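Note that this note's numbering numbers the sequence shown so that position 54 is 100, with each residue one more than the last. Every residue, glycine too, gets a C-beta built ideally from N, C-alpha and C. All figures in this text were calculated on a predicted structure; none of them were measured in a lab.
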Amino acid sequence: MSLAVRRFLLKLAIHTLVIAGKALCRVRIAAPLVRAVEAKLFEIRCRHSRAPGPDGGALAHLFERYEPGRPPAAIYREIFSPARYRAGYYSQFGQDLFLDRWFFKSRRGGVFVDVGAYDGVTGSNTYYFEGRLGWRGVAFEANPDVVADLIRNRSCEIIDGCAYEHDGTVEFVALTEAPRKAAKRPLREPLNAASIVFDGRHAGTMLSGIESHLQERSRMSRSEREHQLQRSTKSVKCFRIDTVLRRLEIRVVDFLDIDVEGAEYEVLRGVDFEAVHVNVISVEWNPRFPEVHALLTDAGFEYHGLLMYDEIFVNPVLRFSWEDDREAVRGPEHPRPLR
Numbered sequence: 047m048s049l050a051v052r053r054f055l056l057k058l059a060i061h062t063l064v065i066a067g068k069a070l071c072r073v074r075i076a077a078p079l080v081r082a083v084e085a086k087l088f089e090i091r092c093r094h095s096r097a098p099g100p101d102g103g104a105l106a107h108l109f110e111r112y113e114p115g116r117p118p119a120a121i122y123r124e125i126f127s128p129a130r131y132r133a134g135y136y137s138q139f140g141q142d143l144f145l146d147r148w149f150f151k152s153r154r155g156g157v158f159v160d161v162g163a164y165d166g167v168t169g170s171n172t173y174y175f176e177g178r179l180g181w182r183g184v185a186f187e188a189n190p191d192v193v194a195d196l197i198r199n200r201s202c203e204i205i206d207g208c209a210y211e212h213d214g215t216v217e218f219v220a221l222t223e224a225p226r227k228a229a230k231r232p233l234r235e236p237l238n239a240a241s242i243v244f245d246g247r248h249a250g251t252m253l254s255g256i257e258s259h260l261q262e263r264s265r266m267s268r269s270e271r272e273h274q275l276q277r278s279t280k281s282v283k284c285f286r287i288d289t290v291l292r293r294l295e296i297r298v299v300d301f302l303d304i305d306v307e308g309a310e311y312e313v314l315r316g317v318d319f320e321a322v323h324v325n326v327i328s329v330e331w332n333p334r335f336p337e338v339h340a341l342l343t344d345a346g347f348e349y350h351g352l353l354m355y356d357e358i359f360v361n362p363v364l365r366f367s368w369e370d371d372r373e374a375v376r377g378p379e380h381p382r383p384l385r
């Protein structure tokens, strides 16, 4: 058998498995089987996760620190429990649920900054805090395909542009769907991890990002083909987080969440941690994580570990906005709009 034939058969087998996976993970009758397999894989992943360090990936360390003795299978079951979605925790893998339990204790009136907010609901790490607890904050999103949805879904300050290390413009690669196509799909709770991976709502357009920092180019191309997306590159406005917080007179941020497909380091360079007190930071892992780790630990943050796909850093001096004078740390109730 020639090499070309073997490659063709391999591609055909992979394609067949993907199609079968898409079908299987969305069938409710098969969900218990898929969850049982995934729970075992999660246990193995925890067993072989890294120790805390500049490479990141310390999954088991994080859960051992905050939920000592709890079996990985029990953690997995909670992540994909229908009760999580009913409670309003809409993050992809329960990040909002665990961070609320460990740090925020369902306190009302906090402050968040969400960088790469998408539509504000799908897979959101901050929706629960605004929608259920009345937190105020800022959400950045530069993909024109979802900004209108973000504005409809959220009441916080919306920045139609990128967070970055400087104010100005950057080249942004956007994957977009046919108009209103996404709105026709109802938001549904994920049955398992595979249903998130194979769900078009969680693919494609969520991979958009700053052109010079994109980490998922091959995956973008694959999603572009599979979901019939349109790719475009355009100049968009970018702001330092400093600039936005200063204009809104915010001096304490309880939760900073960053998911920007490769430019996390540059986004963090746009924060003056001496001017604003940030308590908890969630940063999506990417191959440049050692740079992120160095920047944040040099700024005084402690690395606590990996929460599914997000690396967690915590200020050793937790001073939440609800513990201080509201006007001093959160700014006025009606801040000046950005121009």
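query                                                                                                       : result
Short Cβ contact (8 Å threshold) for Asp370 with Val298                                                     : yes
Ala120 versus Tyr136, Tyr210 and Gly140, residue with shortest Cα-Cα distance                               : Gly140
Within-8 Å CB hit, Arg123 to chain D                                                                        : In the displayed structure, chain D is absent; only one protein chain is listed.
Straight-line gap, Val80 to Ser152 (C-alpha atoms, nearest Å)                                               : 32 Å
Beta strand (DSSP E) runs contained entirely in the stretch 110-190, provided each spans 3 or more residues : 157-161 and 182-187
Spatially closest choice to Ala188 from Val306, Glu357, His339 and Glu320, by CA coordinates                : Val306
For Arg365, three-class secondary structure by DSSP                                                         : coil
Cutoff 8 Å; reference Thr215; Cβ partners in own chain excluding five residues on either side               : Ser281, Val282, Lys283 and Cys284
Endpoints, alpha helix (DSSP H) assigned at Asn415                                                          : In the structure displayed, the chain extends from 47 to 385; residue 415 sits before or after that span and is not available.
Cβ shell of Ala228 (< 6 Å), same chain only, five flanking positions each side left out                     : Confidence is the limiting factor: at Ala228 the pLDDT is only 46, short of 50, which leaves the residue's position unreliable and the question unanswerable from this model.
Buried/exposed call for Arg365, threshold 16 Cβ in 10 Å                                                     : exposed
Sub-8 Å separation of Ile304 and Ser328 beta-carbons                                                        : yes
CA-to-CA distance, Phe144 to Tyr311, given in whole angstroms                                               : 24 Å
Rounded separation between Gly308 and Val219 - CA only                                                      : 12 Å
Backbone secondary structure at Ala352 - three-state DSSP                                                   : This sequence places Leu at residue 352; Ala is not what is there. Residue state, collapsed to three classes: strand.
Own chain, CB closer than 6 Å to Phe301, minus 5 neighbours either side, in chain order                     : Phe158 and Val326
Asp370 (DSSP reduced to helix, strand or coil)                                                              : coil
Backbone CA spacing between Arg93 and Arg292 [nearest angstrom]                                             : 44 Å
Buried or exposed by the 16-neighbour rule on C-beta atoms within 10 Å, applied to Gly180                   : exposed
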